[in-house]
Amino acid sequence: MHVDLFIPCYVDQFKPETGMAMVKVLEGLDCWVHYNTEQTCCGMAAYNAGYWEDAKEVGEKFIREFQKDRPAVGLGGACTGMVRNDYSQLFYNSVVHNQCKSLQKNLKEFTEFIVEKRDLSRLLMKLDAKVAYMDACQALRECKIKEAPRAILERIEGLTMIELPEQEQCCGFGGIFSVKDETESVALGNRKLQYALDAGADYIVSTDSACLMHLDAIIRNQGLKIQVLHIAELMAKSMQ
Numbered sequence: 024m025h026v027d028l029f030i031p032c033y034v035d036q037f038k039p040e041t042g043m044a045m046v047k048v049l050e051g052l053d054c055w056v057h058y059n060t061e062q063t064c065c066g067m068a069a070y071n072a073g074y075w076e077d078a079k080e081v082g083e084k085f086i087r088e089f090q091k092d093r094p095a096v097g098l099g100g101a102c103t104g105m106v107r108n109d110y111s112q113l114f115y116n117s118v119v120h121n122q123c124k125s126l127q128k129n130l131k132e133f134t135e136f137i138v139e140k141r142d143l144s145r146l147l148m149k150l151d152a153k154v155a156y157m158d159a160c161q162a163l164r165e166c167k168i169k170e171a172p173r174a175i176l177e178r179i180e181g182l183t184m185i186e187l188p189e190q191e192q193c194c195g196f197g198g199i200f201s202v203k204d205e206t207e208s209v210a211l212g213n214r215k216l217q218y219a220l221d222a223g224a225d226y227i228v229s230t231d232s233a234c235l236m237h238l239d240a241i242i243r244n245q246g247l248k249i250q251v252l253h254i255a256e257l258m259a260k261s262m263q
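Position one of the sequence shown corresponds to residue 24 (the numbering used here), numbered consecutively onward.
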């Protein structure tokens, strides 16, 4: 199966290794991956800040960067949700209306795509670790991503999955919220991390890199004994 990759701009700029991990996993599942190097931001940051015209400008460019007849895989629920949901309002009755509808139909979040479209039994995954799984707010609410990542983690031999309390509570990132209210943002992040530490987790894992980058900053600042991993990185790490 040929697939287009949707790599969020913050992954491209700050966590390219997560994108490479996704490629490794998809290729292990017999996917031929295509990445348009001209791909830029989907416009979510501008849209959430109220700059809709700016979001529309970059969003229109983004839409044109995908093949209309090819599945697309998004690395993260927040940006995938932006395209699948908010683009409907931004590009209604516009010159890219039909292209937008096609992309929305073709686009799946990474874990969603793997569970729905590929055969997980093709991957031999083994990792001796305790993993605290954290639902990402936008993945959960915008894309309804809940069971897919858990189904993947359950397939990794030797892995112990820990369910964190208060799964629907934000980790504190929340896009521009973390800039506008740093104190509350860090407090929420500490709460998540403490749950994982109390459970003896080696890693805290999620589907969205922005949330994990937020937690990682707190971990580094406080010298905590835990690591963050995107689920794609965890899968790549566990592949035999």
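Quick reminder that beta carbons are idealized off the backbone N, C-alpha and C, glycines included.
Going by DSSP in three states, residue i sits in which element: helix, strand or coil?
i: Thr183; result: strand
i: Leu98; result: coil
i: Leu257; result: helix
i: Glu132; result: strand
i: Val81; result: helix
i: Ile137; result: helix
i: Ala72; result: coil
i: Asp221; result: helix
So residue i and residue j are in contact, right, with Cβ under 8 Å, and what is the actual spacing, rounded?
i: Leu150; j: Leu187; result: The pair is not a contact, with the Cβ atoms about 19 Å apart (cut-off 8 Å).
i: Ser229; j: Met157; result: 4 Å
i: Met45; j: Ala255; result: 4 Å
i: Ser208; j: Tyr33; result: No, Ser208 and Tyr33 are not in contact; Cβ-Cβ is about 16 Å, not under 8 Å.
i: Asp3; j: Ala152; result: Since the first and last residues shown for the chain are 24 and 263, residue 3 lies out of range.
Which residue or residues does DSSP assign as beta-bridge partners of residue i?
i: Ala155; result: Ile185 and Ile227
i: Gln250; result: Tyr226
i: Val26; result: Val56
i: Lys265; result: This structure cannot settle anything about residue 265, because the visible part of the chain is limited to 24 through 263.
i: Met262; result: Met148
In chain order, what residues of the same chain lie with their CB nearer than 8 Å to the CB of residue i, ignoring the 5 residues before and after it?
i: Glu135; result: Cys166, Ile168 and Ala171
i: Leu211; result: Gln192, Cys193, Cys194 and Gly195
i: Leu220; result: Leu247, Lys248 and Ile249
i: Arg173; result: Tyr156 and Met184
i: Arg107; result: Gln127, Leu130, Glu165 and Cys166
i: Ile241; result: Val209, Gly212, Asn213, Leu216 and Leu247
i: Ile179; result: Met148, Lys149, Leu150, Leu257, Met258 and Ser261
Which residue's Cα is closest to the Cα of residue i: the options?
i: Thr60; options: Met45, Phe29, Tyr70 and Thr41; result: Phe29
i: His25; options: Thr103, Ala78, Leu130 and Ala101; result: Leu130
i: Ala267; options: Ile254, Cys102 and His237; result: Residue 267 is absent from the structure shown; the chain starts at 24 and stops at 263.
i: Tyr74; options: Ser261, Leu113 and Val46; result: Leu113
i: Arg87; options: Gly100, Lys124 and Asp53; result: Lys124
i: Leu143; options: Gly51, Phe37 and Ala162; result: Gly51
i: Met258; options: Asn121, Gly82, Glu40 and Leu163; result: Glu40
i: Tyr115; options: Leu176, Gly82, Ile179 and Ser261; result: Gly82
i: Ala222; options: Val154, Asn244 and Thr206; result: Val154
Excluding the five sequence neighbours on either side, which residues of its own chain have a C-beta within less than 6 Å of the C-beta of residue i, listed in chain order?
i: Tyr218; result: Leu187 and Pro188
i: Val138; result: Ala171 and Ala174
i: Ala95; result: Asp27, Phe29, Phe89, Asn129 and Leu130
Spatial neighbours of residue i within its chain, please: C-beta separation below 7 Å, excluding the five flanking residues on both sides.
i: Leu238; result: Cys194, Gly212, Lys215, Leu216, Ile227 and Val251
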